[in-house]
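K.L.:
In the order they appear, the protein sequences are chains V and F. Each step along the first sequence adds one to the number in numbering that gives the first Met the number 0, with nothing skipped, and position 6 is 5. Each step along the second sequence adds one to the number in numbering that gives the first Met the number 0, with nothing skipped, and position 25 is 24. For each residue, glycine too, the CB sits at the ideal point set by N, CA and C.
Protein chains: 2
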Amino acid sequence: MVTIRDVSKRAGVSRSTVSRIIAGNGYVSEHARLLVEAAIAELGYRPNTMARGLRSNRSGIIGAVVVNVASPFYAQMVGGMQSACREADKSILLASGYAQAHEEQQAILELIDRSCDGLILYLENPVSEEVKEVVAQADIPIVAIGGEPTPLAWARVGIDNYTGALDGMRHLLAMGHRDIAYFAGTPSYYDTRERLRGIDTALGEVGMSRADIYLEAGDYKERFGYEAAERLLASGRKVSAIFAGDDDIGAGVLLALRHHGVKAPDEISLLGFDDNFHARHLTPSLTTIRQPTDIAGHTAARLLLDMIADRNFEPDDVVIPAELIIRESVIQYSAAKAADCPAETARA
Amino acid sequence: MVTIRDVSKRAGVSRSTVSRIIAGNGYVSEHARLLVEAAIAELGYRPNTMARGLRSNRSGIIGAVVVNVASPFYAQMVGGMQSACREADKSILLASGYAQAHEEQQAILELIDRSCDGLILYLENPVSEEVKEVVAQADIPIVAIGGEPTPLAWARVGIDNYTGALDGMRHLLAMGHRDIAYFAGTPSYYDTRERLRGIDTALGEVGMSRADIYLEAGDYKERFGYEAAERLLASGRKVSAIFAGDDDIGAGVLLALRHHGVKAPDEISLLGFDDNFHARHLTPSLTTIRQPTDIAGHTAARLLLDMIADRNFEPDDVVIPAELIIRESVIQYSAAKAADCPAETARA
DNA sequence: ATGAAAGCGCTAACAG
DNA sequence: CTGTTAGCGCTTTCAT
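1) Bridge partners for F272 (chain F) per DSSP, in chain order?
2) How should E86 (chain F) be labelled, buried or exposed, when 16 other C-beta atoms within 10 angstroms of its C-beta is the threshold for buried?
3) For L53 (chain V), which residues in chain F fall below 7 Å Cβ to Cβ?
4) Go ahead and label E313 (chain V) buried or exposed: buried means 16 or more other beta carbons lie within 10 angstroms of its beta carbon, across all protein chains shown.
5) Considering only the beta carbon of each residue, do I39 (chain F) and S18 (chain F) sit closer than 8 Å?
6) How would you list, in chain order, the residues of chain F whose beta-carbon sits under 7 Å from the beta-carbon of D293 (chain V)?
7) Distance, Cα to Cα, T162 (chain F) vs R177 (chain V)?
8) Could you have a look at E266 (chain F) and say whether DSSP puts it in helix, strand or coil?
9) So who's on the other strand from V17 (chain V), going by DSSP bridges?
10) In chain V, which residues lie less than 7 Å from T282 (chain F) when you measure between Cβ atoms?
11) Return the residues of the stretch 64-94 of chain V that lie within a Cβ-Cβ distance of less than 9 Å from chain F, sorted by chain order.
12) Please classify I325 (chain F): is it buried, with 16 or more other beta-carbons within 10 angstroms of its beta-carbon, or exposed?
13) Quick one: list the residues of chain F neighbouring D112 (chain V), beta-carbon separation under 7 Å, in chain order.
14) For a contact meaning CB atoms closer than 7 Å, what does H101 (chain V) contact in chain F?
15) Could you say if the stretch 197-214 of chain F and the stretch 132-143 of chain F meet the contact criterion of at least three C-beta pairs nearer than 8 Å?
16) When DSSP labels each residue in this structure, what does V126 (chain F) get in the three-state scheme?
17) State yes or no: is the beta carbon of A109 (chain V) nearer than 8 Å to at least one beta carbon in chain F?
18) Could you have a look at I144 (chain V) and say whether DSSP puts it in helix, strand or coil?
19) Thinking C-beta only, is Y188 (chain F) closer than 8 Å to E123 (chain F)?
20) Who are G117 (chain V)'s beta bridge partners in DSSP?
21) Closest to A98 (chain F) by CA distance: which of F:G117, F:L285, F:T185 and F:I91 is it?
22) Nearest-angstrom Cα distance between G296 (chain V) and L323 (chain V)?
23) I'd like to know if H277 (chain V) contacts chain F, where contact means its C-beta is closer than 8 Å to some C-beta of that chain.
24) From what residue to what residue does the beta strand (DSSP E) around S90 (chain V) run?
25) Checking contacts by CB at 8 Å: is L40 (chain V) closer than that to chain F?
26) Under 8 Å, Cβ to Cβ, is there at least one residue of chain F near L240 (chain V)?
27) Can you grab the Cα-Cα spacing for the pair K89 (chain V) / I60 (chain V), in whole Å?
28) Please list the residues of the stretch 241-263 of chain F that have a C-beta atom closer than 7 Å to any C-beta atom in chain V, keeping them in chain order.
29) Take R32 (chain V) as the anchor and find which of V:P46, V:T48 and V:V12 has the nearest alpha-carbon.
30) Cβ of V68 (chain V) within 8 Å of Cβ of I107 (chain V)?
31) For the stretch 249-258 of chain V and the stretch 302-313 of chain V, state whether three or more C-beta atom pairs, one from each stretch, are separated by less than 8 Å.
32) Given this structure, state the Cα-to-Cα distance separating M76 (chain V) from R9 (chain F), to the nearest angstrom.
33) Would you mind listing the beta strand (DSSP E) stretches within the stretch 170-194 of chain V that are 3+ residues and don't spill past its ends, in chain order?
34) Have a look at I111 (chain V) and V134 (chain V) and give me their C-alpha separation to the nearest angstrom.
35) Which runs of the beta strand (DSSP E) spanning at least 3 residues fall entirely within the stretch 227-304 of chain V, listed in chain order?
36) Alpha carbons only, please: which of V:A250, V:G260, V:K262 and V:R301 is nearest the one belonging to R279 (chain V)?
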């Protein structure tokens with residue numbers, strides 16, 4: 000292995016000079032630089048990151064924990080982080096927390112122990128005091144991205160679930176729907192709660208409340224959407240629109256409707272959330288609310304990198320707006336169709 | 000920061016003893032172990048991975064380069080790797096090569112420089128001699144997973160694109176189709192070439208060849224599928240089935256068909272490849288060939304971990320079989336329908 | 001079974 | 001602008 004010592008000998012300078020040159024800081028004469036660069040090239044020298052990290056207490060690695068990389072939602076987010084890190088010559092150490100408290104904490108500790116220069120956290124559970132203690136000790140910048148806001152974070156990048164859901168429900172309302180079902184995802188998730196808040200607000204604007212809609216909570220799975228839709232159908236409750244907690248749930252709803260001979264959007268409109276890849280390929284194509292997860296990931300990484308570069312930099316939290324994407328699955332409520340599906344819901 | 004020295008003092012033993020205990024090797028008396036463990040707990044000691052790595056030349060980190068994490072195909076694969084690594088207490092340093100030679104090489108160098116204990120590589124380009132040299136120097140186990148087979152790899156985990164495509168084409172043929180189009184993905188990709196080989200074989204079995212089908216190559220994008228389908232329609236060439244290079248291309252084909260009023264599968268059957276999440280949600284749901292990327296990722300990681308644990312372990316290459324998933328988009332060829340779409344293709 | 005000693009390769013004062 | 005010096009925290013012979 001060729002070390003900094005070999006380079007210094009070859010170039011006829013001291014190790015410090017070589018160190019300064021590869022780190023790119025401190026004063027170095029042009030003459031020395033040329034000599035050293037030549038030596039590095041000839042010898043094929045590559046700095047040892049471990050030794051460097053041990054000494055300088057910096058690793059050049061960013062740690063990220065998301066719920067699950069295998070899911071496109073988070074994968075895209077990680078892609079965004081990666082593109083930001085690449086520009087800054089940082090690598091990403093990736094861990095998944097699987098939305099489980101224990102796994103999440105383990106992941107955080109793992110990243111801290113690997114001396115990451117900073118952390119990006121998408122957590123779904125609060126962290127224990129012990130972990131908080133370790134994190135505080137490490138004293139590295141942390142940005143939270145979506146999920147449960149954590150006191151650990153120095154800054155937060157969030158997607159506007161509240162406004163997204165608000166806009167979505169407003170859209171349904173504006174299209175004349177009043178008999179509505181909402182199939183919420185995992186109730187314990189922060190995002191789920193935010194979406195519900197948005198829905199409350201939208202409902203309130205027309206003098207309705209959560210009590211006036213058919214509400215069910217489950218998880219962000221296609222299966223839940225399927226089963227919830229079946230239960231809705233079986234209940235006899237008539238709705239003209241279903242708002243799915245996300246596109247996966249929406250896909251399940253669509254399947255159930257088809258199996259039971261209910262036409263969407265003719266008989267029941269359907270609104271999704273996320274704008275996953277499959278949203279536009281469903282039949283009918285899904286009107287939904289886009290969450291730009293890649294942008295969120297990129298933004299979070301940028302913020303983190305800025306904080307790492309300048310420890311005094313105190314960024315404001317940023318909220319990435321969600322966007323209503325109108326496709327085919329939501330149509331104007333038509334009284335004609337309602338004729339044989341009389342609404343039994345209370346109205347304001 | 001609490002170091003191994005603090006622990007040794009507290010426990011009243013030498014640093015070596017503490018080191019042996021945390022590394023879990025060498026002879027240590029039960030008595031000493033208890034003392035040290037207590038001290039570690041009381042002090043909240045956490046070993047410094049940098050110092051440890053510098054000294055021992057092992058990092059506990061696995062490096063992975065895939066084409067692009069943001070894509071569900073690779074994301075799932077990474078998920079599989081992660082699940083295997085978690086069991087072995089290794090972390091994953093992730094890089095994307097974006098199927099570009101330069102990026103791929105950079106990614107490899109980055110991972111090597113970070114002293115990864117082993118590498119999992121999904122490359123789409125050959126590597127330069129320089130990089131090969133560096134990799135050889137590093138002397139760490141490397142497993143290739145899909146993509147271009149690389150001489151760098153000590154072992155290879157591949158998905159059976161050949162047999163997958165063979166089975167797919169056989170299925171089309173068995174369903175009576177003879178006028179077939181194949182929309183291949185990026186021609187330079189190894190996987191693409193393998194699939195074409197499979198298609199050749201299947202065609203050969205019924206006395207046909209590539210010249211007898213409508214063949215177009217582009218990239219693995221929905222847009223390509225859309226445009227290729229439009230060109231096919233415009234060409235006047237009649238086919239009863241389209242085999243799409245992957246499900247994204249397939250989605251594009253379906254869209255084009257719909258826009259041009261061609262009914263699938265009634266007028267044209269469609270076969271995909273990959274079994275992406277959206278495949279079953281298309282209308283008609285897509286008959287396709289499943290690539291178990293998560294299993295491939297897991298397998299590759301397991302192999303690598305075994306090689307890291309035992310440098311003499313020489314694993315055989317493993318091939319993960321692809322599987323034909325039958326849904327709605329491919330139906331039996333019907334002469335009746337062919338009546339007004341006379342085939343102009345040569346037959347054997 | 002344990003301790004002493006010798007660095008791993010690099011950076012960061014400090015002095016010149 | 002450059003060299004000297006003193007470790008960073010840990011592992012690993014080598015004795016004992």
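P.N.:
Per the coordinate set shown:
1) Answer is none; F272 (chain F) lacks a bridge partner.
2) With fewer than 16 other Cβ atoms inside 10 Å of its own Cβ, E86 (chain F) counts as exposed.
3) Under the 7 Å cutoff, chain F gives M49, A50 and L53.
4) With fewer than 16 Cβ atoms within 10 Å of its Cβ, E313 (chain V) is classed as exposed.
5) No. Outside cutoff.
6) The answer, in chain order, is A69.
7) Rounded to the nearest angstrom, the two C-alpha atoms are 53 Å apart.
8) In the structure shown, E266 (chain F) adopts coil according to DSSP, grouped into three states.
9) Looking at the DSSP output, V17 (chain V) bridges to nothing.
10) Those within 7 Å of T282 (chain F) in chain V are T282.
11) Within the stretch 64-94 of chain V, the residues whose Cβ lies closer than 9 Å to some Cβ of chain F are N67, V68, A69, S70, P71, Y73, A74, Q75, M76, V77, G78, G79, Q81, S82, R85, D88, S90, I91, L92, L93 and A94, listed in chain order.
12) I325 (chain F) counts as exposed, since fewer than 16 other beta carbons sit within 10 angstroms of its beta carbon.
13) Result: R45 and T48.
14) What H101 (chain V) touches in chain F: nothing, since even the nearest Cβ is about 12 Å away.
15) Short answer: they don't touch.
16) Coil at V126 (chain F), not helix or strand.
17) According to the sequence displayed, residue 109 (chain V) carries Glu and not Ala. It does: the Cβ of E109 (chain V) has a partner Cβ on chain F nearer than 8 Å.
18) In the structure shown, I144 (chain V) sits in a strand (DSSP, three-state: E or B).
19) Against a cut-off of 8 Å, the Cβ pair of Y188 (chain F) and E123 (chain F) comes out as a contact.
20) The partner list for G117 (chain V) (beta bridge, DSSP) reads V:I61.
21) Nearest to A98 (chain F) by alpha-carbon distance, out of F:G117, F:L285, F:T185 and F:I91, is F:T185.
22) When rounded, the distance between both Cα atoms is 20 Å.
23) True, the Cβ-Cβ gap to chain F drops below 8 Å.
24) Unbroken beta strand (DSSP E) run through S90 (chain V): S90 to S95.
25) Residue identity differs from the one stated: residue 40 (chain V) is Ala in this sequence, not Leu. No, A40 (chain V) lies away from the interface with chain F (no Cβ there is under 8 Å from its Cβ).
26) The sequence shown places Ala at residue 240 (chain V), rather than the Leu named in the question. Nearest CB-CB separation between A240 (chain V) and chain F: not below the 8 Å threshold.
27) Going by the C-alpha atoms only, they are around 5 Å apart.
28) Within the stretch 241-263 of chain F, contact with chain V at the beta-carbon level (separation under 7 Å) is assigned to A250.
29) Closest by C-alpha distance to R32 (chain V), out of V:P46, V:T48 and V:V12, is V:V12.
30) Their beta carbons are not under 8 Å apart, which means V68 (chain V) does not touch I107 (chain V) by this criterion.
31) Cβ pair count under 8 Å is below three, so no.
32) Cα-Cα distance, rounded: 45 Å.
33) If only uninterrupted beta strand (DSSP E) runs of at least 3 residues are considered, those enclosed by the stretch 170-194 of chain V are 179-183.
34) Straight-line Cα distance between these residues: approximately 7 Å.
35) Those beta strand (DSSP E) runs which fall completely within the stretch 227-304 of chain V and span 3+ residues are 240-243, 268-270 and 287-289.
36) The shortest Cα separation from R279 (chain V) among V:A250, V:G260, V:K262 and V:R301 belongs to V:A250.
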